[in-house]
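Here my numbering is used: the first residue of the sequence shown is 183, the next is one more, and so on. Below is one structure, written out as C-alpha cells; the observations come after it.
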Amino acid sequence: MENIALATILVPFAGALLILLSPSRAAKWIAQLFAALASIGTIWLAATFAAGGKVPLTVDVLSLAGMPLIGITVDTLSTLVSIAVVVLGFLVVVYSTAYMSEANREHPHLARPRYYAFLLVFIGAMAGLALASTLLGQLVFFEITGACSWALIGYYQKPKGLKAALKALLVTHVAALGLYVAAGYLFAKTGSFALTGLAALPPDAKIIVFLGIMFAAWGKSAQLPLHVWLPDAMEAPTPVSAYLHAASMVKVGVYIFARALYSAGQVPEVIGWIGAVMALVTMLYGFAMYLPQKDMKRLLAYSTIAQLSYIFLGLSLSVFGSKLAFNGAVAHIFNHAFAKSLFFLVAGALSHTCGTRLLPNLRGILKKSPLLGIAFGVAALSISGVPPFNGFFSKFAILAGGFELSRTHWMVLPLVVLALIESVASFAWLMSWFGKTVPGEPSEAVANAAPVPVAMRFVLVVLMIMCLASSVIASSWLG
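So, in C-alpha cells, the structure goes:
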C-alpha cells in the first residue's frame, strides 16, 4: 500500500514537470492524464486497504537517525479524504479544458501551461497532506498548497487578483506559524514529529499543541479571525475557486484538526469549547455576510466559511466524547467537497455561457439550459442539507451528536440549536435565489447564452450523482 500511496502523491508532481518540458498545446492533455492516474491510485489504495480488512498502516518515508520526519498513514480517515481531493482535482482539470478557452464570454483566455502545472502540484500536495503521518510532513505540504494558491489566485495577472493572491498567501502563512509551534513543541516533548506522539502528551502539553493546530486550521479553512482572504480569492479562475476554495485548500484546516483528534486520544475539554464557540461565531458571521452578496462566487465563498464551521463544530463536539459528531464532521468534509464544487462550477458555466455570474442578471436558467438549472437546484439542496442529498446526512450526524451530548453538557445545547437555525435560514436564502434565477422566462443574458461545452456537462453530471451518492460512500466507509 505504501508504494501505491507514494505513487499517488508523486505522479501529479511528475506530470507538472512534464508539462513544463512539453509544448504548450500538450499541457491540458498531460494534466488530464496525470490527474486521472493519481485518481486511479487513490481509489486503488482505498480498495487495497479495504481488501486487507482496513488495518491501519504507517510507513516512514524520510527519517533522520531513526526519527521519522515524513511518513505515510493509510487508514479510514486518510483514504476517504484523499479520494475526495484527488478525484475532484481530476474533474476540475477536465472542466478547465473547456472553461479556460477563448469561448469563455466572461474571461476569454486560453490557459497557459503553468495553470495546469500548478493544478497538478496542488493535487499532489493535497494527497501528501491527507496521507502524512507526521506534523512535519503536514507542514511541508501545507506550505506547498499555500504557494500554489498564490500562483493560481493571481493567475490572470491583474492587480486585483495579484493583491488577493498576496493576501491569501500572507494570511495562511501567518496561520502556518501555529503548525510550526505545534510541531516544535511536539518534538520537544516526545523527540518525534509523529502524530501518534500526541496521545502520550500530558493534558497541558496537548492544549498548547492543539491551540497551534487550531490556529493553522482557522487560517486555511477561513475561520474567524483569519477568514479575510477567502472572499477576495474569488478573483481566481472559477475552476480554481471550485477546487481550492471548495474541495481542497479550505479542507486542509479541518483535516489537520481532525487528524490530530483522531491520533491524540483524550483531549482536554477546553479545546472542545474553544473550537465549538469559534465555529458557531464564524458560522453566524458567514451567513450574515452572504446575505447582501449579488456575485454568485462571493456568496458561495461566505457560504463555504459557514459550512466549514459545521465541520469545526462537529470535530469540537467530538472532544466531549461524541463519535457520531466526529464521523459526521469527517463525512461533511467529503460531502461538502462535492456539493460546493458543483455549485462553484455551475457559477463557472453560467459565466462561460452567459458572460456574467451576477445573480440579478440571471433568470430563466432552467428553460434555456435544463442541465444548469437542475445542477443549481441540486447544489443548493445539497449545501442546505435537504434529503436525499448528501449535506443532510452529515449535518444530521453533527447536530444529533450535539443534542446527544447536551444531556451531559447542557451548554452544548444552545450552540447546536443556533447551528440548526442557521441551517434552516441558509436553506431559505438559497431557495430564494433559486426562485429568482432558475424558473421563469430567460433574462437577456440567459437568453443569449452559448451551449454548455461537453467537458463541463460531464463534470456537472458526475458531481450531481455524487451529491446523492457521497453520503452513502462516506457512511459505509467510516462505519
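By construction, the Cβ of each residue, glycine as well, lies at the ideal position given by its N, Cα and C atoms.
Cβ atoms of D477 and L540 come within 8 Å of each other, at about 6 Å. Taking 4 residues as the minimum length, the alpha helix (DSSP H) runs contained wholly in the region 442–504 are 451–472 and 478–500, in order along the chain. By the Cβ neighbour-count rule, K342 is exposed, with fewer than 16 other Cβ atoms within 10 Å of its own.
Check the Cα spacing between L587 and each of V598, L406 and F578: the tightest is with V598.
The Cβ neighbour count for R207, taken over all protein chains shown within 10 Å, is under 16; the residue is labelled exposed.
Around A488, the same chain offers M465, G468 and F469 as residues with beta carbons nearer than 6 Å, after the five sequence neighbours per side are excluded. For D242, the beta-bridge partners assigned by DSSP are G253. Shown here for T258: same chain residues with a beta carbon closer than 7 Å to its own, the five before and five after excluded, namely K236, W659 and L660 in chain order.
Within the same chain, and ignoring the five residues on either side of L239 in sequence, the residues whose Cβ sits closer than 6 Å to its Cβ are M183 and V256. In the DSSP assignment, Y367 falls within the unbroken alpha helix (DSSP H) covering P341 to T372.
Among the bridge pairs identified by DSSP, T316 is matched with A376. By the neighbour-count definition (other C-beta atoms within 10 Å, threshold 16), I603 is an exposed residue.
Note that the region 632–649 touches the region 520–528; at least 3 beta-carbon pairs, one per stretch, sit closer than 8 Å.
Between the region 494–503 and the region 416–427 there are fewer than three C-beta pairs closer than 8 Å, too few to call the two in contact. DSSP places T590 in no alpha helix (DSSP H); its state is neither H nor E. Closest by C-alpha distance to A387, out of Y367, G373 and K402, is Y367. Membership of P552 in the alpha helix (DSSP H) is indicated by the continuous run P552 to S566.
A399 and S245 have their C-alpha atoms roughly 26 Å apart. The alpha-carbon separation between V276 and V356 amounts to approximately 33 Å.
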